[in-house]
Amino acid sequence: MLSHILIVLLVGGFLFRKPLGRLLAGRLPNREARQRVLGTIIAGFLLVIVVRLAAYLW
2 MLSHILIVLL VGGFLFRKPL GRLLAGRLPN REARQRVLGT IIAGFLLVIV
52 VRLAAYLW
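Structural data, given as structure tokens:
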């Protein structure tokens, strides 16, 4: 159940990455900081999905 929610959020984040980038641009005018925040969010989602997939296949 939780993994389905995470996948939906990940797909939604991918589809709406441009508006999300514009939203972050208002708070983080520095492009490097903005990319770092988005990268951290994406890496977190991918890490959770990989760990859950590994646990499922174990």
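Take the numbering used here: the last position of the sequence shown gets the number 59, and nothing is skipped along the way.
Each residue gets a CB set at the ideal place from its N, CA and C atoms; glycine is no exception.
Are residue 35 and residue 22 touching if we call contact CB-CB under 8 Å? yes
What are the boundary residues of the alpha helix (DSSP H) that residue 46 is part of? That run of the alpha helix (DSSP H) goes 32-58.
Taking the alpha carbon of residue 40 as the point to measure from, which residue in 25, 9, 8 has its own alpha carbon closest? Looking at the Cα atoms, 25 is the closest of the given residues.
Coil, strand or helix - residue 25 by DSSP: helix
Cα separation between residue 28 and residue 38? 11 Å
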